[in-house]
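Worksheet: one structure, shown below.
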Amino acid sequence: MSAAWVPVCSTADLLPGEFKIAWDGGVAIAVFNIDGDFYAVEDVCTHDGGELAGGPVDGFAIECLRHGARFDLRTGAVLCPPAYEPIAKFPVKVEAGQVYTRDDRWD
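Just so you know, we're using the numbering used here here: the sequence shown kicks off at 6 and counts up by one.
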């Protein structure tokens, strides 16, 4: 895993309600714009390993399309079974109109 910040996209390319996927090594990180604030989580449902990005987002909750598990994009917390383990959340920074994230679990 890398300690370096990974560029995601420009702020103009990630409008409210949209998401982008960035890769930090082999880790897929989904970055969401929720009402102008950016949140990043690992793009893996802890229930069965399916992708989360592309699932419906309601407020700060994302739902896995495969079995309906829901997670809080701000904290990674489980909001609804069948998942019981939280998803990893990652830091986001915006510099000079560019959005960055990184997998900081092993810093």
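Glycine is no exception: its CB is placed at the ideal position from the N, C-alpha and C atoms.
Since the structure is predicted, the reported quantities are computational estimates derived from the model, not experimental observations.
Strand pairing of A35, partner residues [DSSP]: Partner(s): I26, V46.
Residue range of the beta strand (DSSP E) that W61 falls in? Checking the sequence shown, residue 61 turns out to be Pro, not Trp. Run containing P61: none; DSSP gives neither H nor E here.
Let me check understanding here. Comparing Cα to Cα, which of P87, I39, E47, V99 lies closest to R110? Comparing Cα positions, the closest option is E47.
Going by CA-CA distance only, name the one from T51, V49, I39, A58 that's closest to F65. In terms of CA proximity to F65, I39 leads the group T51, V49, I39, A58.
State the Cα-Cα distance for the pair C33 and G60, rounded to the nearest angstrom. This sequence places Ala at residue 33; Cys is not what is there. About 15 Å.
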